[in-house]
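**Q** Here the working numbering is used: the first residue of the sequence shown is 2, the next is one more, and so on.
Every residue, glycine too, gets a C-beta built ideally from N, C-alpha and C.
Since the structure is predicted, the reported quantities are computational estimates derived from the model, not experimental observations.
Right, I'll just put the structure down here and ask away after.
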Amino acid sequence: MPYVTSIERLGALEQSQEDVVEVLRVRFKDVHESLVKAIHAIYDQSFLSKLHREAILVNSLDAFEKRVKKPDND
Numbered sequence: 002m003p004y005v006t007s008i009e010r011l012g013a014l015e016q017s018q019e020d021v022v023e024v025l026r027v028r029f030k031d032v033h034e035s036l037v038k039a040i041h042a043i044y045d046q047s048f049l050s051k052l053h054r055e056a057i058l059v060n061s062l063d064a065f066e067k068r069v070k071k072p073d074n075d
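Written as structure tokens, this is what we have:
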């Protein structure tokens, strides 16, 4: 298993955050800055992966925003 530095981990997290935001912008065009900031405040790679899938599948931006605010609702 290759050694991964903290800078590389941070870079991967930031990329995951941007991936989620990009999907939302492609699907819903206008994404509130407060939601973008909330996504950028998430540093759990597993949760970001789940959010990425949900951003692809969710029916509305409001539904996605509720998921970000209540991560315990699976």
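1) Would you tell me roughly how many angstroms separate the C-alpha atoms of His53 and Ser7, rounded to the nearest one?
2) Let's test the definition: count the other Cβ atoms within 10 Å of the Cβ of Ser17 and tell me whether it reaches 16, buried, or not, exposed.
3) Are the CB atoms of Leu14 and Gln46 nearer to each other than 8 Å?
4) Distance, Cα to Cα, Ile57 vs Ile40?
5) For Arg68, collect the residues of the same chain with a Cβ closer than 8 Å to its Cβ; drop the 5 residues on either side in sequence, then sort them by chain order.
**A** Put simply:
1) For this step, residue 53 is matched to residue 52 along the sequence shown. For this step, residue 7 is matched to residue 6 along the sequence shown. So the alpha carbons of these two residues sit roughly 22 Å apart.
2) Taking the first residue of the sequence shown as position 1, residue 17 is located at position 16. With 16 or more other Cβ atoms within 10 Å, it is buried.
3) If you number the sequence shown from 1, residue 14 lands on position 13. If you number the sequence shown from 1, residue 46 lands on position 45. Their beta carbons are under 8 Å apart, which means Leu14 touches Gln46 by this criterion.
4) Here residue 57 refers to the residue found at position 56 of the sequence shown. Here residue 40 refers to the residue found at position 39 of the sequence shown. Those two C-alpha atoms are separated by around 15 Å.
5) Within the sequence shown, residue 68 is the residue found at index 67, counting from 1. Leu52, Glu55, Val59 and Asn74, listed in sequence order.
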